[in-house]
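What follows is a single structure, written as structure tokens, with notes after it.
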Amino acid sequence: MRLDILDHGYSPATKLLFALIRLFSGHPVPDAAKLAFYRPDFYGTRAKEFTHEAMRGPSAWSVGDRELMAAYVSKVNGSAFCTAAHTATARRAYQDGPMVTAVLADLESAPVEEPLRSTLRMLGKLTAEGKLSAEDMRQVLAVGASRQQVKDALAVCVAFNTTDRLADAFGFEVLSPEGFEAGAKYLLKRGYR
Amino acid sequence: MPDNKKQAAHRALVDRILNGEGRSSAQQRARAFGNDGLPPPLNTLIGKVATRPTQVTEADFAAAKASGFSEDQLFELVICAAVGQSARLYEAGLTALAEATANGGAR
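Those sequence lines, one after another, are chains L and U.
So the first sequence is numbered by the numbering used here: it starts at 1 and just counts up by one.
So the second sequence is numbered by the numbering used here: it starts at 1001 and just counts up by one.
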């Protein structure tokens, strides 16, 4: 990563933990996880709590829907690491790789229900333009997404606009497809805490 | 309400990075969060984190370090910039939703 402390600035106990993860998973610890372990009182502890709540807390959106939102927002931001990580997680959560691929290739023609399509469109606009109108929101509500679902989707969008920026600023290393698959399995089993 | 828990967790993160103990000053962190009022060359790095993070380079970090910021300070300030920009998106989205539902009708 672009800061040496994020590669080497860990306590002996944390370094041992990283070594054990590498040993048992067969893959290096992803930079996203390493960041959360660096001075966790400053960022990692609370960031994990918020992200877990957004991605795994109570919501009418499924885990797959929220992982797809994370992948979509990351794609709009051009974040290679986060797009790959959450594409893999969404594919695994839905057990439907072609649908996830279709959404990321062309949202408008993808085989998804209108509340999800409209919500993804809204998140993409907010991410790309930094603003939304009341009319943008009315369009999402008009096709059947509830007010609570919009709020839940905004939390996902916020979590990944943060993570995308940190991934690209700090220079997270893009993993092998096998590495992203292992990460996806972990995120579906354990979440973000 | 589930959204209260999400928003509370977000507020706790924002509050910690801005008001808790840090290696950079609270004023520097607030300026990075707002992407406003930082001196060059740090403003280049922070501006990119907020608005075009894929364009951040090694040289942006090297220039910020050469101007006297430590790695731990840059760790904090980059995080503040990322969380700050995202917080503005949250506010914009929630405001648009409140306006869209101001006269009732939405679930």
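Note that CB positions come from ideal geometry on N, CA and C, so glycine has one too.
Segment limits, alpha helix (DSSP H) that includes residue i
{"i": "residue 137/L", "result": "134–142"}
{"i": "residue 161/L", "result": "147–170"}
{"i": "residue 1037/U", "result": "Unbroken run through residue 1037/U: none, as it is neither H nor E."}
{"i": "residue 31/L", "result": "31–37"}
{"i": "residue 1/L", "result": "Per DSSP, residue 1/L belongs to no alpha helix (DSSP H) and is neither H nor E."}
{"i": "residue 1072/U", "result": "1071–1100"}
{"i": "residue 1062/U", "result": "1058–1066"}
{"i": "residue 41/L", "result": "Note, residue 41/L: premise wrong, no alpha helix (DSSP H); not H, not E."}
{"i": "residue 128/L", "result": "114–129"}
{"i": "residue 65/L", "result": "63–77"}
{"i": "residue 22/L", "result": "12–25"}
{"i": "residue 97/L", "result": "97–105"}
{"i": "residue 108/L", "result": "Per DSSP, residue 108/L belongs to no alpha helix (DSSP H) and is neither H nor E."}
{"i": "residue 184/L", "result": "177–190"}
{"i": "residue 87/L", "result": "80–94"}
Pair within 8 Å by beta-carbon distance, residue i and residue j
{"i": "residue 1023/U", "j": "residue 1070/U", "result": "yes"}
{"i": "residue 106/L", "j": "residue 122/L", "result": "no"}
{"i": "residue 115/L", "j": "residue 139/L", "result": "no"}
{"i": "residue 1081/U", "j": "residue 1059/U", "result": "no"}
{"i": "residue 1/L", "j": "residue 171/L", "result": "yes"}
{"i": "residue 6/L", "j": "residue 38/L", "result": "yes"}
{"i": "residue 184/L", "j": "residue 88/L", "result": "yes"}
{"i": "residue 17/L", "j": "residue 69/L", "result": "no"}
{"i": "residue 1035/U", "j": "residue 1084/U", "result": "yes"}
{"i": "residue 1009/U", "j": "residue 53/L", "result": "yes"}
{"i": "residue 3/L", "j": "residue 1074/U", "result": "yes"}
{"i": "residue 50/L", "j": "residue 159/L", "result": "yes"}
{"i": "residue 27/L", "j": "residue 178/L", "result": "yes"}
{"i": "residue 174/L", "j": "residue 84/L", "result": "yes"}
{"i": "residue 141/L", "j": "residue 1012/U", "result": "no"}
Below-8 Å beta-carbon distance, residue i vs any chain A residue
{"i": "residue 1067/U", "result": "Chain labels in this structure do not include chain A; the protein chains are L and U."}
Proximity test, residue i beta-carbon vs the ligand PLP heavy atom, cut-off 7 Å
{"i": "residue 10/L", "result": "As presented, the structure is devoid of all ligands, the ligand PLP included, so that no description of it is given."}
Interfacial residues, the region 34–51 of chain L to chain U, with Cβ spacing under 8 Å: Of all residues in the region 34–51 of chain L, those with a C-beta nearer than 8 Å to a C-beta of chain U are 38, 39, 41, 42, 43, 46, 47, 49 and 50, reading in chain order.
contact_flag[the region 20–35 of chain L, the region 53–63 of chain L] where n(CB pairs < 8 Å) is 3 or more: These segments do not touch.
Residues in the region 68–80 of chain L having any Cβ partner in chain U nearer than 9 Å: Within the region 68–80 of chain L, 77, 78, 79 and 80 place their CB atoms closer than 9 Å to a CB of chain U, listed in sequence order.
Given 8 Å, three or more beta-carbon pairs between the region 1052–1072 of chain U and the region 159–174 of chain L: They touch, by the three-pair rule.
Members of the region 1069–1089 of chain U that neighbour chain L once the beta carbon cut-off is set at 8 Å: Within the region 1069–1089 of chain U, 1071, 1072, 1074, 1075, 1076, 1078, 1079, 1081, 1082, 1083, 1085, 1086, 1087, 1088 and 1089 place their CB atoms closer than 8 Å to a CB of chain L, listed in sequence order.
Cβ pair count under 8 Å reaching 3, the region 122–134 of chain L against the region 1077–1095 of chain U: Contact holds: three or more Cβ-Cβ distances are below 8 Å.
Contact residues within the region 1035–1060 of chain U, judged by C-beta distance below 7 Å to chain L: For the region 1035–1060 of chain U, the beta-carbon criterion of a distance under 7 Å to any beta-carbon of chain L is satisfied by 1049, 1053, 1054, 1056 and 1058.
Members of the region 130–144 of chain L that neighbour chain U once the beta carbon cut-off is set at 8 Å: Residues 130, 131, 132, 133, 134, 135, 136, 137, 138 and 141.
The region 1033–1049 of chain U contacting the region 1061–1076 of chain U, beta-carbon criterion three pairs below 8 Å: They touch, by the three-pair rule.
Selection of the region 107–123 of chain L by Cβ proximity to chain U, strictly under 7 Å: Those would be none; no residue qualifies.
Contact list for the region 1008–1019 of chain U against chain L, Cβ threshold 8 Å: Within the region 1008–1019 of chain U, the residues whose Cβ lies closer than 8 Å to any Cβ of chain L are, in chain order, 1009, 1010, 1012, 1013, 1016 and 1017.
Short-range partners of chain U found in the region 5–31 of chain L, where Cβ spacing is below 9 Å: So the list reads 5, 6 and 9, given in the order they occur along the chain.
The region 166–177 of chain L: positions lying closer than 9 Å to chain U by Cβ: Those would be 166, 167, 168, 169, 170 and 171, in chain order.
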